[in-house]
Each structure stands twice: as structure tokens, then as C-alpha cells.
């Protein structure tokens, strides 16, 4: 292929197409239209755009005039910031008054709804069928997408599939009225493409979709997808499997392969797959799909799109610590589009192409590539989005004859996500449409080959980089350990393999480690798999009084040298330990799956958090180790710095068996203290892995001593021992208060007042406002309340719902709860597993009995027979005076509370003696701000679940009876493990003074 | 006077004088000489100069070869940094070995001692007499200054005076051998000036010199000065009263006036006064002195000097918060010199001038001014320093005939201060000598009129200022409240007046203040003046259980609103309160003098510290109130901020009755808590003034409640009350541990675990190394141990002295202790007053009995009969196992401990259960560094006393049994009064994300 010639022809074709566009701007950019004006304003006022988009998001929830008026006031600063365009059409000029506001509110709603409707072909099946006919008469084919893909329960997934079935029925009866497209009266469009065409989002067909559970996810989706596809085949229609988030990509591809090669359907050709070229993996993905098709001898279809979830993908990658999966420059995506289109067109015998783009350059490139590669017309078509770029689609249909409109169909409420995606696309700086119509960029510039733009750019970037080289600190900025990306098969395989390997090591005997020596004792306890109590994880020696004395002695012996080890060296051991843990991450996770019944992601995140603590405290300590120079007076030098306290007892819980153990220990150690570590007797083997990690990192003997033992014997000895300076405890409030009380007695020979850092319980509430986005709230609440069986101090155990939202919320919540599956944690298909022990099971069950008396059991799931299972339990009718509203259950029991208004919600949320975490789902800026001030908990989460605090990002810990002390993983945490010192030197001798730059000397 | 003509003649004269200087550099700058080379090196290597000067300072103390070798290693990095010049003359090339080091050490010592001798005319009287004769033969008159002005006791002051007497006797017998100067064989030099001339530093004549005690200081000095002067008069000699630090200026002037107008001496004219023109007050001072002389009809003499304590004056001003009293640019001083000289020359009928300068311009200016003003030759003379600027003095004696050498006389050890002052002068950037000989600046430039240089400079400065205007924060940077400058009569008067005024208000009844209301109760306690127990300061209502409940209720009522008051507004109240206290500072100090028996400076500093706490915490809170944004992930905003804890009990001590009360309360309040304040029942009236201050600042009712009461009743109720969230306590370890223990019990209804911030006792040691500067150590130790009767938790109660320094140290220490006077604090003549109460007196007396058994009472002072006095007590023979080495006495009892080496000193210093303050006097860089690491106390002071921590500069507080919690007046203090919170907002809605600048978005 002559590339230069191709470029020339693309340019010529592009100019032709531009000429055909004429002067008419597409409706969305037509300033005569209201929408155009609003977009124009948004593009020029970034703050307004932000508020507008967020307001549009909440708009469908604003069911009353009052809510509408209040939200307009809150979003647009008392209406002052509402641009004239937004209220265009309102009779009243002023909007200060109540009446004025109502009028303006109504107008704004009408205007925005009409804008939304512009992108939706119909909100009922008859309307849709009618409009399809109208557009077919203009020469456009269609594909229909049913809005409402956010399904939080199996019930909703069923309903979503059912919508498709009903739509198909409507199309079946309506299609007779539609004109043929292209070749006379063929049953096919243009003689090649099915007349009825649906686009379907597979994620909507299974509410419990989980990349870790690959097979289960594929299977459940297929169960709902097959009947729909069967019906389509029956109607000689076509189906395209859409793709949304990258994390579902492999599942989606697998669905396509299974369905395409299914014995029932393999001879039917009209099954298409959408592929996103903004993914850096797209070339490889297309190759694999083409290889598969050729291998199977099955012709396929690909709709090539650029991708509409760019912001989301970047944010998700950043938040999870993953590489950014999408191209970060528009030209890269444009270049990928042309590359991938060429790849498909080159295989036109095997694969039909749908070119879905509004970019003139991209479209012309496909047209000219097809011509150059001599691709028959029926092997490719063009697709544009309904409601956008009308002049372009008109010109395109004139040029190519084969244009399909992608038509969302259904109600406005579930369509908001779609609307915002479109607005975002239209107002992004890099949008081709924006460039074409708004900024009027030069034609040649717009038609320039993207790979040439990239070459120019990389030359620039190289220049920048050479300037900013060097000067990086050794350790670099802290970054959280990435989450496991279970969408990758190799990670799933590694996890499975690790579980198999760890299972081979079960049942061993674990000795104490004191002063670097292994110490055996006569008393052993067995640690069991909560899902199979007869499976012994390990037999663990128990420390007694003698071992405690030995351990404290060893710690004291090690202390002097360890204290005097420079902070950056101490930090170095933590960094090494983090690397050891990273190298063993699957194995360490597998121990948690088996000993603590943590689900895959919960287990992996616990290890990740342990790594985070090591990396974070190492860096914090290096900062804190630099003396601060105080004051500015010459003739004196004042240094302010910290020293360790001495020997620390670390008393750890079982629910974050590695993370919390490691966090408390690492903080103590890096600050220069020596540690006596008592793991929970529920998870002593995981505790042992912490010892192994620190030993492998080369920590000197005696700095960390592993001494499991019973709380009754050992806890008391440690707490009351006069040579313990510091106790770091995480656990229940009962135990915590006991430790605080006993540690405050000063026995003879005690060297310092004992410092107790105690993280205790919670009775955490999530508030659901009447304007909450329930699509978001419900999965977050299910996760906060029931993930790891609710056995987190941060877990949501109360959900406080505003009266007007209550029924709607509860119905969806119960449906969502019904959808989760329960069973051993080693199977990723299970959302919930057993609780930690028979004692725990009994205690939680007692609370369920109390719940039944105090309120109503709204839902109680079934549970497996073997193992310490407790049902997922949702309780209704709870008010603050109930025990269920006040006491920590530490299990999968969620109390729901109905409040009359938001003030009462906050009052009730604050009404316990705990103050650990809390959440609120609201889209009222005023209510969010009110929570920020008045919902007084250690960690408040707005519009997300109340568990899963990340080191550095969400320093964790509460107050009231939830804790004493500063937040773990936060900037004040290490201070608690040290005492501040000041050294002042009078530097003046005989009137002679060295002057430092900090000194306030003479002007 | 024709100024232009004058300038021309000065310039001409200057050129003439320069020509007469010839090519010979003065010895100190002659590079052929060893000293010249060393100075040259120092000027080019600022770090070396610093170390050299500090090394010279310690040199006389290095009594053994080993000490010498070690110090050379420590000061000059193992000898690597010793420039060749320093060891010039050493035979051995290498200095690594022990032997090499010894040789080099000896050489260095010899070289430096010979340099020192260059500035000292003789170290014995015969040598001095002989050398005077030698210089008289060269045409120079002399004035003798006896080295060793650092007198730490009355015994030393007597010895110093005695030195002068012996010197006079020596001169008396020696003078016959001296040739006449000037006019043939006159008994006077040049026919006008006395032959025997002494310069005397009055501060050396009274070890307890104290500007606050103006009359006493003047009187004591006169007692020793008169006999010397009488002897001088007898010998027909002359005396010049020197001036050193500015703070003694008024005393010095008064001494001159008293002596000059004394009936015995008023007819004798040869009494001279040195005046420093670098003082901004010099013009005014000279006018006053001339006016006085004219009024009295007494001719006077003034030696005009520029001033040799410039660094010291700047440092002292900066450290004390005073305006800088000296000119900060050399040209300003030079201009003042000419101005003042002209003023004196204009009054030559009344005042004879001695022009003491090495600056050619200054000298020529005096010469030409005298000529222009037609001043007779006998009315002025010139003075230069012995050992410096030889060519200049030679040229000057040739030109004028009347040159006097200022000749220090005596031993090297006490002469070090003088030596360093001279070296400093020679190597300063602005030194005329340095400019003349080292930098070879242009002649015309050197002779330029200083007032013209100033005009040029102020034009430059104006330019700079206009650039850097604006952009200052409202509140400005924190600065400590200045100390009272008792050298100013108006401040002494204000103090006296305040004591008289306050005494009029004694005996009133004080009510409680609860929720802004005054509350009277039936129980009253009387607060007494410890110096006159029958003098009732006030009668104070006592709170009982009912009032505690009311106060806690009032605090809780106020809490909600106060908590929600913006931090900057809360800070604003503190700033207002600081201003109120500042406006009332003398009155508030006077209350302390009478109720707490604080000495003037102690009382004033306590109020100053209260003001500092208010100002500092206000600023700290404003900083802390700004939420910190955590992490960098887009799509979420994490805010980290603090909220108050609730109702705080502030339980205050009597020893810093306003400062500590105010510090703890201000911290609690500004952080948003409400306070129940229990002052000590020893100082409840001072506590009441805190309430008044906060009320006057407009603090809302209930935020601060004043509830005095007995510790037994009220302390317990407060500590155990479930609605108290926070206890801030300062006091004894016994009470503190009790509070900690009881607060850790969690009663029913308690809302949070009580936080206890406790500052407790100390058993503070000061180490005296064998190379310590005892001139510095002894006054600091006396002050640390006995100021405010030793009733400070920071007070020095153990002094640990190295064996080889012990005898010398103890002898001087005891002499110094014998020199202090004891009596009521209202008389500033008294260094020490009574202890706080009869109970305290009894308890301390018991410890003195124990001391007598455990060790030896080395000194026990007399005390007045009335009042709670305890003698100043110094105990010898104490070792760590003694109670005197372990228990806090809280009175003026100092245990001395003798140790074999520095390691043992640190071991003993650390050997108590306390760790509050400590001090070390050492000039070994290695030992100082060792203390920094191993002398583990909250506040360590190197080469200064261990009391008097300043807010911000020396954050105060200890660990072990000295305290729990962070340092008062430091950056971590306020954190203890608050709980941290995190609010996380998920900002992504429908894939739409607002991006903040903090976000890690895409490259």
C-alpha cells in the first residue's frame, strides 16, 4: 500500500466530507438551540460545567418542587450562578422568592429533560418503533441499547433481560412498517446486515459479576444472554455485545466466543463484538480474536469504537495502583483506531467491520483503507450515536449509504449515565466534535494523520524530560500496594496455586521466637479453618509467664542498639520486609483464606495493607527523624526531635491478621522500639508469617519477638509488666478499656507511664439521603456490611434511610442481599464465608435473636451446614434505644433505621458511644457539608462504602469509645511511639556567635 | 564651621597619615608572622575561624596533653582540618599517631599562647611595669586594664579589686624608672594627663550586679571602687570607668556621677568615663552627661570608643525580644563617632576627650575637628589598643604626640575573652584594620565620610524595600513577649508602682465563675504572702460537688457553639487575651510577687510566658485548622483535620501560676474544648486574674470556668466525672500518677476514654565537664538551682562534676552561693525569697535533714525570721543510691555528685526515674554530641542553665515519670486536645471526575 497516496486520498475525502457538512452545526452545538448554548457556556466555565453535570446526575431523583429548588440553590450558589441560558424560558426574571424558584426550577428541569431526550430514541417501545421508522426513511439503520444497565440484584438483572425480550417483541411487530434500506426490499439492510439490531451490555445481566470468579460470571451472564440471542436469531436479527469497563473485557470476549461457537448458534453469522481502541491492549486483543475466528472457521463482526469510559479507566487505575490501561493522548487512540481498522479490513473475508466514530479523519481513513484494500461494501458499515452530529451523519449516509444509528432506548432516570457520558464527550477539550464545531480549527490540522501528530509530540516530550532529569530521592514517594487485578488470568491462577500449595503445609507446629531463637513450650493450641473446622491450620506453642519475661528481657537487650540505629537504616528494614511480603503475596493471602476465611480480594488487600504500613511508616520515620530547628534567635540552636519509648507490647486482632499486626509492629519498630507481639489465637499462623517476613528482612534479634498466647494469661502479664512502655492494641472495646485501666496503674519499678494506643469497636452507620444514587449506594452498603462477614471494626452495621427513600431502598437492598452467595472463601464465587469461630457464631446468633425481638428480620439467608456460618441478616424497625443500634455485633447483621429527615439521620448516626466510621450517600452539597461537620466519626465516607481505608489516603481510626490515639496510616501515628526531646545549645562563647541561615540576625 | 573645608582637610590629613604608615603591616596582619598567617587563613575559611575561636576559648582549660590532643581532634576533625599554619613549627609532619599528636598539640598551644601574649602587656606586675617603661620610651602613655572581669562571687569581686590595689602599689614603686612624656620632667604626661592611668570594669566589682536592683548595684560597686580610686588619687593617677554591656550602662553612668561628685574626690579632675558610640543612645547619653557636668560645675573626661560587644548586644536583644540597641552598619557607628567627638570637642572647656579608635578616618576627623574648633592640645588625646596596629600607633604618636596604649594586664586564662574580642574585631568584614591591611581598599574609599556612605546606602535600601512590600499574613510570625529590660528606669518604676497598687487591693473575696456567672460559696480559703504569712492576698470561694456539676453543665452547654466557632475566631480570642495581659503586665507580675513570692524577673517572665502561650497556640491552631489533603488519587478527596474532645479539666500548679494555667487552658480552648479550671489553692488569686483576662477578651460564657477548690474534694470529682473528656495537669508525680490511674477507669456514661496530659516532676542534673567554662557554668547553675527558690520542675537539683574539675568548681560554687541575698521577692535586691508555704518549708527541711545524713552539707545560708524561708543548701558526697539523688525536693537544695569520667556523668544523670530537663557545661564537641544522644531528658541545655524554656524555641516537657504527653509550647502540643478525623468523598459520578491540582492524573 502506498502510504503517501493513501494520506492524499484521506485528505481529499475529508475535505469532501467537510464540504458536505455545510454550515449547519449539529444540534448539540447549534447555538440557536438551548442545548447548544448550555454546552457553549459549560465549555467556557469549567466550574459551572462541573456543577451542571453533577446536578444533571441527581436531577431524576428530585421528585418534588422543593427538592428541585433546594438542589438548584445548593448547586448554583443560591441561584446566583445559574446562567441565563439554564433558565431560558422561565417567565419570572427574579428567582429569589419561593415562587420564583419554583418557576425557574420547573423550567430548568424541562430544559434539561428535553436535552436528555435528544439522545434517546424513545422511552417506550411504541415510541421507539415509530422513531426507528422515521430514521429508516432518512436512510439510517439502527442498533438499540436498552438504558438501565446498573443492576444491583439478580432480580434487576432478570428485569433487564426481560426488557430486551419485550423490546424484541415490539420490534418484531413494528418492523413491517419500516422501509427497506439499500437494495430494494431485501430482508436485510443493504443486502447484508440484519434489520433488527440490538446492543447489549453483558455486565447488566449478572449483578454479582466478579472478575475473580471468571467461570461463574461468564456462566451466569450466558444464562440470561442466551434466551435474548435465541429470540434475535429467531427474528433474523443481529446482536452486538458491548463492552464497558476494562475489568470486564476478558469476560466479554469469552461470552462472545462461547455464544459464537455454541452449537445452537454457530451457523448464524450476525453476532458482533464491540472493541475499544483506547485500550492499549486493543491490537493484541483484535489479533487474538481474529486468530480464534480463523482457527474455529467462524466469521465474526467487530464494532470498532474509541471507548467512552476514559475518565473512569484512568481514575480506577490510579485508585487501584494499576498501569493506566488506556491511551492518555487522543492522537494515540486515533492512531490505534486506524491501525485496528486496517487490521480488520485486511481480514475482511473473516471479519466484518462497523466503524463507530464521529471523527471525519477516522471515518475517511476507514473509507480509503477499505478502498485501498479492495474491501467489498457489505463487509463494513458506519455507526454514529443517535442525537449527535446530525450534519455529519447526513453527509456520511450520502457518501457511504451504510450508516447505523446507535440508539439508546428507555427511561430518563437510568439513562442519566448515558447522557453524562455524551455531554462529557462533547465538552472535552480533545473531542473531535468540539474541535470541529466550536473551536473552528483549521481543516488540514483536523485531518492530519494521528501518527504524525504523535511523532511531533514525542519530540516535544523528549525535550521536556531531558530538562527535568535527576534529583529524585532514593525511596520515592509513597504509593499504595496495587490491588490484585483479578481480571488477569495469571493472577487468578497464582491465587489458586497458592491455596493448593499452602494447603500442603497445614498442620505444622509453630514455635515462639524470642531474641531470635525458636522457643518450644508445652502448651499448644490448634488453629482451624472456619469453613471446615476439622481442618487444622497449625499447632501453635503458647507463651507463659517465663517466656514473657524472656521476651521482655530480649527486647530490652536489643533496645539500646536498635534505638541508636539511624532512622533511615531502621526504615530500610521495613522496606526490605515490604519486598519480602510482596514476593510472597499470594502465599500470604492463601494463609488468610484458609485460617481467617477471607475472600480472595479481602485477603490480598490485607497483605497489601501490611505492605503499605511498612512502606508508609518507613518514609514517615525518615521525615520525623530530621530534627526540627525551632525559633530564630541567634546565639542558640534548638533542635526538636523524637526518641523511642522502649519495649512495646503489640496485641493484635484476628480480623486483619497481617495488616494490623504489621502496622502496629512496624510503627513501633521503625520508631526505634522493640516489640513483644501477641497475635490473636484465632490467627496465630498468619502472625507467624509476620515474624518470618521481618526475620527475612534481616531485623536484628530481639527487636521483634513472636509470643502467641492466651489473652487471659499473657495479655495481663504484658500489660502490667513494669518494663513495658507502650501497648498497641486493636480489638474490642471491652478488652481495650480493661487494658487502659490496668496499664494506668503504675507498679513499682515502672520506668514510664505506659502509653496505650487502642483501636476499639464501632457501630458504624451509613446514611441514605432521599436523593442518593441507589445504583451506587446499594452495592457499597452490601459490601460494607457483609464483606468478610461484617467482621470489621469499620463495617456498616446500621443503615439510616430517609423516610421518603426508605421503601425503594429496602426493596432493592433486600433483593441485592438475596443475590449474594455464601460459602467457603477459597471459592471466589462466594461473596461471604463463615465467621471466625464457634464463639463468634454463637454471639452473633444471640444478637440475631435480640434483633428479632427488637425489630423485624427483613432477610435471613440460608447458610451451608459445615463451618461457622451466620446468615446475612437485615433487620428493620430499629431505633436508637435498641441494643442492635448500640452494640457491636461483629457479624453480617445490618440494622436499618428509618428517619424523618436528614437532621434526625445525623442525630441517630451520632447516637452511639462509638465514633469510628460512617458513610453518607447524598447528592445534596448542603447535606454533604453538614455531614462533614456534624457526622462525627473518625472516618467518614461520602458516596462510597465505609470500609477499606487506604494507608496515607484515609488515615484510619476513631474516637469516643472507638479508640484512643491517632490514626493508623496517617501523619500523626508514629508520634505516639516516641517522646519528643529538645536540645538547646547556647552557641555564644565570649561574645562570639556562629550565625545560621535560620537566625533572625540584622536586616 | 565650613563642612566642605573640613572634609578636605580630613582627607588631606588622612592621606598624610596613611603615607606615614609606610609598608609595614601591623604584627597581627603581617603574614611573615605566624599570627598574621593564621588570621589570614581564618578570614578566608569561615568554618575554620569558627572552630579556631571556639578552640581558643577552651584552650586555657586543657591542662593535660591528652585533653589538648583530644580537643584538637574534635575541633578540627581528627586533625584533617588543621591548616599547616596552626602547627607551624611542629617537627613531626604526620599527626595521626599519639606521639605526633602530642607534638603538634604542644606546638599549637605554644603558637596560640604567643599570639595571646601579643595583646597582653604583662602577666605579672613586674613585667607590666617593665614593659610600660619600654613603651614610654617610645613615647606612649598607658592605661592598664586588669584581666579577669568575670567574677561569680563576692570573694572574686574582692580579689579583683585587690588586684588593682596591688597593681597600683607596683606602679607606685615602678614609676620612678619611667621617662617623662612630653613636656620635660613634668609629673604629668604631656603636662596635662596623669602618669598612672587605670581602666576599670565596674561589673567585675559586684558579682550580684542586677539592673533591677539599681541602687544596690551602684552601692556595692562603689564600696569596692572607692578604695581603688582613693589610692589612685593618692598617686596622682587617673581612672577610667569602662563600660561593657549596654544593660549596665545606667549603673555605670551613675557610678561616674557619684564618684565624680563625691565630696572626697570632687576637686580631683582625673576621672574618666568610657562611652560607646555604637549605642543608638550615645548622642543623648553624652548630652545628659555634659549637662550634668555643667550643672554640677565639674569638669569631666570621656573616652570615646566605638564599642566591642556588638555581636553580644545583637544576640542579647534578639534573644530577649528587645530593639537592637546598637547601630547595625559600621558607617552608622563611624558617623556617630564623629558626631559625638564634635559634641565633646565643642565642650572642651568642660570635657576632655580621649579618642579611642584605630580608624584613620575617625582619628583624622577628630584631629581636624579639634583644629577647626580651636581645641587646646591638652584637652584631647588618642588611645589605641596594645598589640594592635603598630604602624598606625607609631604614625599617630609622630603626628599628635599624645597617644595612650590600652594595656590589658594579667593572666592568659581570664584574658581569653579579651583575646577573642580582639580577634573578632580583626577578622570582621567591617573592621577598618582588615580593610586597610588585608583587602587593600582604595584610600579615598577608606577616608570617605561615613555620613555620605550612609546616604548612599539608604538610597539602595529604599529601592529594595519598595520591591518587597505587601503580602504579609494578618497575624505575623510568632515572637516571644520581650523580657523586661530592668536597666530602664521607667520599667523599674512601673514595677514598684504596680506592687504598691496591688497591695491596696489585697484581702478581697473572690467568687467562682461558672457559665459567665459569679458564684459565691460558703467555704473560703485565704491565700497568704509567703514572705509575710499574716498578709492575706485574697479570700477565695471553694467549689464543691454542686458547683463542679454546674460548671461541667455550663461547659457542655457552651461546647457545641464553641466547637463550631471557626478556629481563626477562637484564635482571635487568644490574641485579644494576650493583649489584655500585655496591658496589665506589671499588675499581673505584682500579684505574683506578693502571692507566689516570685522575684521581679521571675514574675514578669511568667506573665510573658502566658502571653507567649496565647500567641503561639493561636497561630498553631490556625495552621492545624486547615484540612490536610491526603493522597493523590483522582476521583476522591481526602481531608484530614481535627476536632476538639469536649470538656477539659485544667488542674494547675502554683509555681508558674499564670503561665501554666494559661498555657493548658489556652490550648484546650483554642482547640475548641471548654474548660473547668482549678487553680492551685496556693495561688487562687493569680488564677482569678486568668479568668479576668479571658473575660476581658470576650470569651463566650461557659467556655472557661473558674472553680478553685481543694484537690481532695474537687480534683477527684473532676477526674472521675464521666463528662470530662480531657484532663490537663501539671504538678507532682504522686498526684499525676493518681490522676492517670483514676482517669483510666471508665465509669458508666463516659463518652470517651479520658485523655490525660500530665507534666510531672524532675530531678534534673547539670553535668560540669573538665573543660567547662566555669565563669559561665556557675552563675547558670546558681540560677537554675536557686532562682524562685528552686521551685521549678525544671530546676537543677543535681550537679554532676568531673573529678578533675570538682574542687575548683565547688570552691567557686560555694563562694557564689554565699554571695546571694535572701529576703522578700518584692525587693529586687534579693535573689531568693521564701518557699510557697509552711508545708513546703517543712518538707524541704526534712530533705535537708536527710541530706545531712546521706552526704555533707557544704553550705547552708542564713534566712530571715519571718516567712517560709529555707536556706540555700548545697550538699556534697551524694551518689545515685541516695534519696537526694532520686527524689524531687522542690526547693533550694542542690546535690553535688563527683564522677570519674564523662560516661559516668551521663550514666548518673540518667539514673533517676525522671527525664525532664538537664544541662551540660562542656566545650568538647564530642561530649556535647554524646549528651545530645545519650543524656535523655525532655529538655537538654548545652552551656546554659536548665530552666527558662521559651515557648516555640524550647518546647517544654519530659518523659519517663516526668510527663506523659507532648511538649508545651511546641508543635505537637495542640494535637493532644483534639481527635483527628478523615472525610473521604468519592467525587466520581457517572464516570465524571473533577480533577484537582493535587491529583496524580495523567502525565
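Protein chains in written order, with my numbering: chain A, 22 to 1024; chain B, 22 to 1024. A virtual CB, placed ideally from N, CA and C, is assigned to each residue, including glycine.
Only counting the same chain, and skipping five residues up and downstream in sequence, which positions put a Cβ closer than 8 Å to that of residue 36 (chain B)? Within the same chain, residue 36 (chain B) has close Cβ partners 464, 468.
Residues of its chain near residue 237 (chain A), where Cβ-Cβ distance is below 6 Å and the 5 sequence neighbours each way are ignored: Hits under 6 Å: 850.
I need the DSSP call for residue 25 (chain B), collapsed to helix, strand or coil. Here residue 25 (chain B) sits in helix by DSSP.
beta-carbon residue 715 (chain A) near the ligand NAP non-hydrogen atom, thresh 7 Å: Inclusion of the ligand NAP in the displayed structure is not the case, the ligand content being empty and no account of it being possible.
For residue 126 (chain B) and residue 108 (chain B), what's the separation of their Cα atoms in angstroms? Near 8 Å, if we compare the C-alpha coordinates of residue 108 (chain B) and residue 126 (chain B).
Cα-Cα, which of A:721, A:737, A:421 is closest to residue 595 (chain A)? That would be A:721, whose Cα lies nearest to the Cα of residue 595 (chain A).
Segments assigned alpha helix (DSSP H), at least 4 residues, entirely inside the region 593 to 669 of chain A: Taking 4 residues as the minimum length, the alpha helix (DSSP H) runs contained wholly in the region 593 to 669 of chain A are 606 to 616, 621 to 645, in order along the chain.
When you check each C-beta in the region 996 to 1016 of chain B against every C-beta of chain A, which residues fall closer than 7 Å? If the cut-off is 7 Å between Cβ atoms, the region 996 to 1016 of chain B has 996, 1000, 1001, 1002, 1003, 1004, 1005, 1006, 1007, 1009, 1010, 1011, 1012, 1013, 1014, 1015 near chain A.
Please name the residues in the region 637 to 658 of chain B whose beta-carbon is closer than 9 Å to at least one beta-carbon of chain A, in chain order. Residues of the region 637 to 658 of chain B with a Cβ closer than 9 Å to any Cβ of chain A, in chain order: 649, 651, 652, 653, 654, 655, 656, 657, 658.
Can you find a CB in chain B that lies within less than 8 Å of the CB of residue 344 (chain A)? Not one chain B Cβ lies under 8 Å of residue 344 (chain A).
Just the C-alpha distance for residue 893 (chain A) and residue 942 (chain A), rounded to the nearest angstrom, thanks. Cα to Cα, the separation comes out at about 22 Å.
Contacts of residue 762 (chain B) in chain A (Cβ-Cβ under 9 Å): The answer, in chain order, is 762, 765, 766, 767.
What is the rounded straight-line gap between the Cα of residue 568 (chain B) and the Cα of residue 554 (chain A)? When rounded, the distance between both Cα atoms is 59 Å.
Burial state of residue 581 (chain B), where buried means 16 or more other Cβ atoms lie within 10 Å: Exposed, because fewer than 16 other Cβ atoms sit within 10 Å of the Cβ of residue 581 (chain B).
Can you tell me which residues form a DSSP beta bridge with residue 529 (chain A)? Looking at the DSSP output, residue 529 (chain A) shares a beta bridge with A:559.
With 8 Å as the threshold, decide whether the Cβ of residue 493 (chain A) is near any Cβ in chain B. With a pLDDT of only 39 at residue 493 (chain A), under 50, the local geometry of the prediction cannot be trusted, and no value is derived from it.
Determine the chain A residues that contact residue 443 (chain B) at a beta-carbon separation under 8 Å, and present them in chain order. Residues of chain A passing the Cβ test: none, with the nearest at roughly 11 Å.
What does residue 987 (chain B) touch in chain A if you count any residue whose Cβ is under 9 Å from its own? The answer, in chain order, is 996, 1000, 1001.
Spell out whether any CB of chain B is found under 8 Å from the CB atom of residue 747 (chain A). It does not: the Cβ of residue 747 (chain A) has no partner Cβ on chain B nearer than 8 Å.
Would you kindly report the start and end of the unbroken beta strand (DSSP E) that includes residue 299 (chain A)? Note, residue 299 (chain A): premise wrong, no beta strand (DSSP E); not H, not E.
Using a Cβ-Cβ cut-off of 8 Å, state whether residue 1021 (chain A) counts as contacting chain B. For residue 1021 (chain A), the nearest beta carbon of chain B is closer than 8 Å to its own beta carbon.
For residue 1008 (chain B), does the count of other Cβ atoms within 10 angstroms reach 16, so buried, or fall short, so exposed? Of the residues assessed, residue 1008 (chain B) falls on the buried side of the cut-off, its CB having 16 or more other CB atoms within 10 angstroms.
Who does residue 962 (chain A) pair with in a DSSP beta bridge? In DSSP, residue 962 (chain A) forms a bridge with A:940, B:1005.
If you compare alpha carbons, which of B:686, B:938, B:601, B:701 is closest to residue 1004 (chain A)? Residue 1004 (chain A) has its Cα closest to that of B:938, out of B:686, B:938, B:601, B:701.
Can you give, in chain order, each stretch of the beta strand (DSSP E) that sits fully within the region 796 to 858 of chain A and has at least 3 residues? The region 796 to 858 of chain A contains these whole beta strand (DSSP E) runs: 817 to 823.
Every unbroken alpha helix (DSSP H) within the region 329 to 402 of chain B, with a cutoff of 4 residues, ordered by chain: Here the runs fully enclosed are 331 to 341, 351 to 366, 381 to 393.
Alpha carbon to alpha carbon, how far is residue 96 (chain B) from residue 280 (chain B)? Going from the Cα of residue 96 (chain B) to the Cα of residue 280 (chain B) covers about 46 Å.
Are residue 679 (chain A) and residue 707 (chain A) touching if we call contact CB-CB under 8 Å? Contact: yes.
8 Å Cβ shell around residue 344 (chain B) - same chain, five flanking residues per side excluded: Taking residue 344 (chain B) as the centre and dropping the five residues before and after it, the same chain places the C-beta of 338 closer than 8 Å to its C-beta, in chain order.
Closest by CA to residue 421 (chain A), which one among A:544, A:795, A:160? Ranking A:544, A:795, A:160 by Cα distance to residue 421 (chain A) puts A:160 first.
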